[in-house]
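K.L.:
Sending over a structure as structure tokens; questions will come in a sec.
Numbering (the numbering used here), first residue to last: 1 to 110.
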């Protein structure tokens, strides 16, 4: 069993709202949270602000990648097999995690 208090945590999720699946984890560990997209779906309003407000209320800092991609653009990159944008995000995450002393990362399923 992983001892939660023995790590500096990060949480990486694809879309706003996914952090709710790990609410108690976020509440308990206050991880650095990164959200890849803005939650706008195909043509809706972004939902990233609600996630930012929830995290602020829990004392969980936002990461370097936070609503960086509009949803429809994220899917377009996936369908076009444009890996550069995701590789750049991975590098930004890794760099910031190293700087912050992150020792464990939780993510939602692919």
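We treat Cβ as the ideally placed atom computed from N, Cα and C, and that holds for glycine.
Quick one: what does DSSP say residue 70 is sitting in, helix, strand or coil?
P.N.:
coil
K.L.:
From what residue to what residue does the alpha helix (DSSP H) around residue 29 run?
P.N.:
23 to 29
K.L.:
In or out: residue 61 buried (at least 16 other Cβ within 10 Å) or exposed?
P.N.:
Result: exposed.
K.L.:
Taking 7 Å as the cut-off, decide whether the C-beta atoms of residue 42 and residue 72 are in contact.
P.N.:
In this structure, residue 42 places its C-beta atom within 7 Å of the C-beta atom of residue 72.
K.L.:
Tell me which residues share the same chain as residue 16 and place their Cβ nearer than 6 Å to its Cβ, disregarding the 5 neighbours each side in the sequence.
P.N.:
35, 39, 47, 48 and 51
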